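Inspection log for the structure reproduced underneath, given as structure tokens.
2 protein chains.
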Amino acid sequence: MATQITLKSVAARAGVSYQTVSKVLNGRLEVSQDTHQRILDAVRDLGYRPNHIARNMRVKRSFMIGYSWARISPDQVNQILDQFLTSMVSEAEAAGYHLLPFQFREGHVEDYRELIDTGRVDGFVLSSVEYDDPRIEFLLERNFPFVAFGRSNPQLDFPYVDVNGADGVRQATEHLIESGHRRIAAVAWPLDSRVGNDRMEGYAQSMKAAGLDINPKWIERGEGTFEFGREATSRLLELSDAERPTALIAWNDTQAIGALHAARERGVEVGRDFSIIGFDDAPMSQYLFPPLTTIRQPIREAGRKCVEILVSQVEGKPIKERQIVLPPVLIKRASA
Amino acid sequence: MATQITLKSVAARAGVSYQTVSKVLNGRLEVSQDTHQRILDAVRDLGYRPNHIARNMRVKRSFMIGYSWARISPDQVNQILDQFLTSMVSEAEAAGYHLLPFQFREGHVEDYRELIDTGRVDGFVLSSVEYDDPRIEFLLERNFPFVAFGRSNPQLDFPYVDVNGADGVRQATEHLIESGHRRIAAVAWPLDSRVGNDRMEGYAQSMKAAGLDINPKWIERGEGTFEFGREATSRLLELSDAERPTALIAWNDTQAIGALHAARERGVEVGRDFSIIGFDDAPMSQYLFPPLTTIRQPIREAGRKCVEILVSQVEGKPIKERQIVLPPVLIKRASA
DNA sequence: AATATGCAGGCGAACGTTCGCACGAACGTT
DNA sequence: AACGTTCGTGCGAACGTTCGCCTGCATATT
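Here it is as structure tokens:
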């Protein structure tokens, strides 16, 4: 490592004090045209770049945003991580920040505390937020800046960005109803999932609005896995002719793929005899047989908004919208 | 933000100088049993955590590892990012480091320079490495620590972790030959891809070892996309009966899925009439029709090794293996 | 002419660490 | 009894910034 070029080297070359260089570069001091130019020349000639660590130390900020994500399951992959991460990284960089990814440990709040106490981050973006999230409680109590990707308990007031799951499922349900379906099932998530309940609401509302009763047997709740999707769909397809749904909406694409398999195992042709709609628009969904109709979340925008809100908060700027709910969009393919 | 707890606060409480506290905590000084305990108590009582920024400033290290990944294409997703990232993050944390993800800009070396000059990182992990990678040239010249995930020009000497693509394709080819296939095609990548050429070598070697001639028409080179996979496979399936391959190996799962579609469009039943093997073991490959036989890369281990090598390098520790080539494993499913 | 005003720039301090060196006391050695 | 040695601590400095305040000078105002 070559010797660092510091403010002092620049100052020496420009013939001013190093503090003056600092101020000029930061626009906190107006100097004569001549001096200004000499400083700029010296900076250019030496290739000076301010040392970020020293700067952070002085201003007592890290310009880092902590982010941690839950592992879904060993043989499954976070479909949206790439998009979410890249959008946050670029938005953060534009604002002069960087992301600090750290290991996610379910329910552990220590890692957050550690990062705060050691001064490593200025704020957090939370994802995989659910009801009674201890992180939210902790960060609110410490009054430490954060923004959540996803809502939590309604009575808690904190900044978040979320996708309107109800609206997504509403679009899906309406699409199915318009296509003539009357018996529509939901392959959903457990009752303790806020995200799941949000989506369920869209389903219930649409059915009600169309004057359709929901047969409780059409509601399957379980994990967001391939296996559950398959099992649930098998059960649905084994209902009597009168009860058997003609379509289903799954709460994620993985379940939908399980559903696709269950249908195929029974010789049911998806897209013709039976319709399936997923949620997430996983990258491969378009290449399935048949290509999966699914609800796409505006992940990139969510990432951008999270960072935008967080940065405003950290810098004490006025925040336009503290709580944002973004609309998803139904991607119509052959499966429904 | 509550007032920081610093070495001074701890020292005041323990009745020693703050420098002593520092040394004791860092194990650079042996003190009397009594003093030691007083210091520890004070640390515990106050909940002292060393300020990382100040520490970094003093030791002139950031304990950060820069990492940047290429975006594949808008509608495709980096299948292995999650695994690679999480394994690097956890390995890094274990060594007292964190990852600094930053935006990838093809061919741009400025971003790397910037991070070095501003003292933000101690080293880099490079991915999407190819021939004549300007980043490698730059970092070697600056003598800045880095490790590449993937090899580059053979004459360059630098630390890397790579997956033995030749071996992977060898396993695949041999598996096909054992199953009785004689006419095996390769849906490959352009000649300027080192990764692609590595894989090609495995194919050529296995065919030769089995005494099988390769018909040049069996080698399709193009992008790693669904579309190219489909087109290439269409061409292959339209060859005359005598020339038409009975199996193909694709250089990634996305191409393999394209191949699956091409076969299906022609009424060719994959797994029975025709075999297809992919590369990557993308999360959804197991759920395709039929489930895709594919070559799985030890991504998590690669991530760990990258960080391990890099950290040793940064800390000037002896490096056991500077260049590691990990074996992939063939995951046999129904498609071949 | 004396004083106020404004401008360009310098100076000292501080942020919280780590590190080398100094120093006093206790102890063992000659 | 005088002299090294070791041990346990303290002290000062430094890392590269930013920030508040001070100062010297030129010009404008009374």
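Residue numbers (our numbering), protein chains in the order written: chain A, 412 to 747; chain W, 412 to 747. Where a beta carbon is used, it is the ideal one built from N, C-alpha and C, also for glycine. Note that the structure is a prediction, hence the values are computed from the model and not measured.
- With a threshold of 7 angstroms between beta carbons, V718 (chain A) makes no contact with chain W.
- Going by C-alpha positions, N467 (chain A) is about 10 angstroms away from N467 (chain W).
- Taking a C-beta distance under 7 angstroms as the contact criterion, D609 (chain W) and A661 (chain W) do not qualify as a contact pair.
- Annotation for A596 (chain A): W629, L647, P656 and L659 place their beta carbon closer than 6 angstroms to its own, counting only its chain and skipping 5 residues before and after.
- The beta carbon of G534 (chain W) sits closer than 6 angstroms to those of I476, P556, F557, L721 and V725, all from its chain and outside the five residues before and after it, given in chain order.
- Under DSSP, L511 (chain A) shares a beta bridge with A:G477.
- Under the three-state reduction of DSSP output, V470 (chain W) falls in the helix class.
- With contacts defined as CB atoms closer than 7 angstroms, L418 (chain A) and H509 (chain W) fail to qualify as a contacting pair.
- Spatial neighbours of R594 (chain W) in its own chain (CB-CB distance under 6 angstroms, excluding positions within 5 residues in sequence) are listed in chain order as P656 and T657.
- G507 (chain W) and Y571 (chain A) have their C-alpha atoms some 31 angstroms from each other.
- The distance from the Cβ of P709 (chain W) to that of P739 (chain W) is about 7 angstroms, consistent with a contact at the 8 angstroms cut-off.
- Taking the Cα of V580 (chain A) as reference, the smallest distance to any Cα among A:D664, A:I547 and A:S539 is reached at A:D664.
- Between G689 (chain A) and A667 (chain A), the gap from beta carbon to beta carbon is short of 7 angstroms.
- Between N626 (chain A) and A481 (chain A), the alpha-carbon positions lie close to 34 angstroms from each other.
- At a C-beta separation below 9 angstroms, L451 (chain A) has no neighbours in chain W, since its nearest C-beta there lies roughly 17 angstroms away.
- Identification of chain W residues near Q514 (chain A) by a Cβ-Cβ cut-off of 8 angstroms yields T497, V500, S501 and E504, ordered along the chain.
- For the 7 angstroms CB-CB criterion, F637 (chain A) and Y698 (chain W) form a contact.
- For G561 (chain A), no beta strand (DSSP E) run applies, since DSSP gives it neither H nor E.
- By the criterion of a C-beta distance shorter than 6 angstroms, T704 (chain W) is surrounded in its chain by I688, K743, R744, S746 and A747, once the five residues flanking it on both sides are discounted.
- Within the region 519-530 of chain W, the residues whose Cβ lies closer than 8 angstroms to some Cβ of chain A are E525, D528, T529 and G530, listed in chain order.
- Cβ contact annotation for P701 (chain A) (same chain, cutoff 8 angstroms, sequence separation greater than five): V681, G682, R744, A745 and S746, in chain order.
- Going by DSSP, R553 (chain W) is part of the alpha helix (DSSP H) stretching over P545 to R553.
- Taking 7 angstroms as the cut-off, the Cβ atoms of S617 (chain A) and E649 (chain A) do not count as close.
- For S686 (chain A), the enclosing beta strand (DSSP E) stretches over residues S686 to F690.
- Note on T644 (chain W): 16 or more other CB atoms within 10 angstroms of its CB, so buried under the neighbour-count rule.
- Interface flag for I625 (chain W) against chain A is unset, since no Cβ pair is found closer than 7 angstroms.
- Secondary structure at I464 (chain W): helix, using DSSP grouped into helix, strand and coil.
- Its chain contains A599, W600, P601 and W662 as the residues whose beta carbon lies nearer than 7 angstroms to that of G607 (chain A), once the 5 sequence neighbours on both sides are disregarded; these appear in chain order.
- The three-state secondary structure of A661 (chain A), taken from DSSP, is strand.
- Taking a Cβ-Cβ threshold of 7 angstroms, the residues of chain W close to N467 (chain A) are I464, in chain order.
- Taking 7 angstroms as the threshold, the shortest C-beta distance from M695 (chain W) to chain A falls below it.
- From the beta-carbon of F700 (chain W), the residues of chain A found nearer than 9 angstroms are L671, H672, R675, L699 and F700.
- In the assembly as shown, A653 (chain W) is an exposed residue. Its beta-carbon has fewer than 16 other beta-carbons within 10 Å.
- Around the C-beta of V718 (chain W), 16 or more other C-beta atoms lie within 10 Å, and the residue is accordingly described as buried.
- Per DSSP, the beta bridge partners of V536 (chain W) are W:Y478 and W:V558.
- The Cβ of D684 (chain A) sits no closer than 7 angstroms to any Cβ of chain W.
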